[in-house]
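Some notes on the structure that comes next.
Residue numbers (the working numbering): 159 to 379.
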């Protein structure tokens, strides 16, 4: 996957579900093509199939639960694979999992050849997760999510430590960071600290002009 990676998490905001999800996805596709930047989008579950059919940029799931089987209310990875999803977030701070549950999901993404981005809230969690050698680890301190205070400025030393720690244990695993990323300067700082990309949500989804905001977010790449 081309780096740096810009992952836009649509979450379940009113501004990013249904027809609005497709509109945002089209904006992302247009900007990615025009600026030659790798933009990955993670729409709400119910919008995944529609979005996958309408855009050519990578579409990820925000979460999944199982492979398939007798599970009620669960999200099967086989369905994600079938509709053309390219990967999934795992262990987002708004969808926390125990370590054995993270391990199971990383193994399932490998089995079905999907890309995994495993989120971690702190260095202790990163030390555990990196032993699984995931494709990506995304460092996101939960207290900064949606705050407008970027992790790349609030906790630069920890971001650097995370990059160094992961590199020592798993050379294949790349580090992303998220939480409070809301400007092109924030993205630039994150990459200067050694990360290979960022996760962004409300700064893009809730912007008055999402296209204008996205162009500003990637302006230093």
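Note that CB positions come from ideal geometry on N, CA and C, so glycine has one too.
- With 16 or more other Cβ atoms from the protein chains shown falling within 10 Å of its own Cβ, residue 263 counts as buried.
- Taking all protein chains shown into account, residue 367 has fewer than 16 neighbouring C-beta atoms within 10 Å of its C-beta and is therefore exposed.
- Excluding the 5 residues flanking it on each side, residue 340 has same chain C-beta neighbours closer than 6 Å at 306 and 361, in chain order.
- A check of alpha carbon separations from residue 206 across 174, 195, 224 and 231 identifies 174 as the nearest.
- DSSP, reduced to helix, strand and coil, places residue 208 within a helical segment of the structure shown.
- The beta carbons of residue 320 and residue 284 sit about 5 Å from each other, so the pair counts as a contact at 8 Å.
- Residue burial annotation: residue 294 is buried, with at least 16 other C-beta atoms found within 10 angstroms of its C-beta.
- Beta-carbon to beta-carbon, residue 372 and residue 298 are separated by about 20 Å, too far to satisfy the 8 Å threshold.
- Pairing residue 248 with residue 228, the inter-Cα distance amounts to about 22 Å.
- The residue from 271, 326 and 277 with its alpha-carbon nearest to that of residue 259 is 277.
- Its Cα nearest to that of residue 213, the residue 189 stands out among 189, 311, 333 and 222.
- Nearest to residue 179 by C-alpha distance, out of 191, 204 and 161, is 204.
- Three or more beta-carbon pairs separated by less than 8 Å link the region 217 to 226 to the region 236 to 252, which places the two stretches in contact.
- Under the three-state reduction of DSSP output, residue 368 falls in the helix class.
- With distances taken between CA atoms, residue 266 lies nearest to 292 out of 292, 250 and 280.
- Shown here, residue 256 sits in coil according to DSSP, grouped into three states, outside any helix or strand.
- Collapsing the DSSP output to three states places residue 162 in coil.
- Around residue 342, the same chain offers 374, 375, 377 and 378 as residues with beta carbons nearer than 6 Å, after the five sequence neighbours per side are excluded.
- Inclusion of residue 161 and residue 347 in the CB contact set at 7 Å is not warranted, their separation being larger than that value.
- For residue 197, the uninterrupted beta strand (DSSP E) run begins and ends at 196 to 200, by DSSP.
- C-alpha of residue 181 to C-alpha of residue 325: approximately 37 Å in a straight line.
- DSSP places residue 251 outside both helix and strand once states are collapsed to three, so it counts as coil.
- For residue 294, the enclosing beta strand (DSSP E) stretches over residues 294 to 297.
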